[in-house]
Each structure stands twice: as C-alpha cells, then as structure tokens.
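Read in order, the letters of the sequence shown are residues 1 to 193 in the UniProt record's numbering. Positions of the beta carbon are idealized from the N, C-alpha and C atoms, including for glycine. Computed from a predicted model, the values in this text were never measured in an experiment. Here is the structure we will look at.
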Amino acid sequence: MRFSQYCQRSANVIEAEIMSSYLCSSFMRTLKSQTLSNHGLTYNIQRQFSKSSVLTKNVRAGQPKISLRQDKPLTYEQSQPPYLIGVTKSWNSWNTTTLHEEGRRASEVTVDDVFIRRFMHGTWPQLLMSEVIIKRRHNLIVIAALISQNLLPQKIYFLQGYTEEMLSYILKCPIKLEIQTVKDKKDIIFKYI
C-alpha cells in the first residue's frame, strides 16, 4: 500500500468517525440542512435514521447452551429458538393490552401475570412440569399447566379449587385452571442437547 493510499484511507476513516459521532450526538433533535466540512470535503446533513444490518442480530440470545455430554433435557417449547415465537412456538401470556389503543392496563396485566406465575409455583411446589400459560378472554383468566401425578387425585382437586378461589379473590375476576397430568418428567422431554 502506498503512503498516499494509506493517508487517503486514514482520512476516510477519520471522516466516518467524525460523521458518526456528529450524527449520534444530534440524532434526538431536528436538524436543518447543515454543512459539515472536514479534510476539505463538504457534506449536506439532514435528519438521519440509524439502523443496523440484519446480519448483526444476535441469534444465540434466548437459546440454551449445548452441554458437553448432550444430556440436558429440553421440552418442545424450550427447544424452539426465540425468533420462531408465533410460528412454531406460542406466547406464554395471551392478552390484548399490546394492541393499539387497548393498552390502558398493560403494566397491571404484566404484574398480574408475574404474580400468577409465582403463586402457581408456590402453591404447586415441585409439581409443575412446564411453563404456566396465561390466557385472558374478556374478564376470564385461563391458566394452563402440566403437573406430575405424584399426588393423590383428591389433593390435586383441592389445590385446583384453592388456586382458583384465591386468585379469583385477589384479582377480582373469574379464574379457570386447566391442568393436565404427566406420569413422568421423561414424557415431556422433546430432545437432549
């Protein structure tokens, strides 16, 4: 590489750095047509929108790591990558608070969902085999989960009624619990990684 090419490349890199720092610092305010000159070059700057390339997205976020012995069990839901939500994997919370002009209670619904999940894990200790799915239909909240068959049916019915009554009293809306029992943890394993 010749010295003149090196100097030209260095000047281009410096120009790009100055341009990016200038655009980043002034991105939040409205820019009128301005000129920025550096190294004898003049640019016409208007309001810019910064975006990243699709190639730079993190495809490993939300995916479990592969174990050395490949003995880590995953359910079907856990084995799906996050970008397939809505395609082969569904949401864990179904509500309409994220729709346009429907989000008056978005924060309360999120807090209620966290409370319901914690209540379920506390009421059904060591029994929940899957994620707790929460569906809201009008005023009714439907909670679905898989549990193990380690308890007697009478105790399962008691815990189901207790959960429905307590959550109905606390959240002030009807609650319906949809529970399916699984004989063994191995029955819900989809694959090992």
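Look at the Cβ atom of residue i, then the Cβ atom of residue j, and state whether they are nearer than 8 Å.
i: Ile175; j: Ile143; result: yes
i: Phe69; j: Asn95; result: In the sequence as displayed, the identity of residue 69 is Arg instead of Phe. The answer is no: Cβ separation not under 8 Å.
i: Glu77; j: Glu165; result: no
i: Ile156; j: Ile134; result: no
i: Asp71; j: Tyr192; result: yes
i: Met129; j: Lys89; result: no
i: Phe190; j: Ser67; result: no
i: Gln149; j: Lys183; result: yes
Which of helix, strand or coil does DSSP assign to residue i?
i: Thr181; result: strand
i: Ala61; result: coil
i: Ile141; result: strand
i: Ser93; result: strand
i: Pro174; result: coil
i: Ser79; result: helix
i: Lys72; result: coil
Check the C-beta distance from residue i over to residue j and give it rounded, since I have them as a contact under 8 Å.
i: Trp124; j: Ile147; result: 6 Å
i: Leu84; j: Phe119; result: 29 Å between Cβ atoms; not a contact.
Excluding the five sequence neighbours on either side, which residues of its own chain have a C-beta within less than 6 Å of the C-beta of residue i, listed in chain order?
i: Gln63; result: Pro81
i: Val109; result: Asn95 and Thr97
Residues in the same chain with beta-carbon distance under 8 Å from residue i, minus the five sequence neighbours each way, listed in chain order, please.
i: Leu151; result: Leu127 and Leu159
Go through its chain and collect everything with a Cβ distance to residue i's Cβ below 7 Å, but skip five positions before and after it.
i: Arg105; result: Thr97
Could you work out which residue in the options is closest to residue i when comparing CA atoms only?
i: residue 248; options: Leu84, Leu74, Leu177 and Arg118; result: Given a span of 1 to 193 for the chain in the structure shown, any question on residue 248 remains unanswerable.
i: Ile179; options: Val87, Tyr83, Ala145 and His138; result: Ala145
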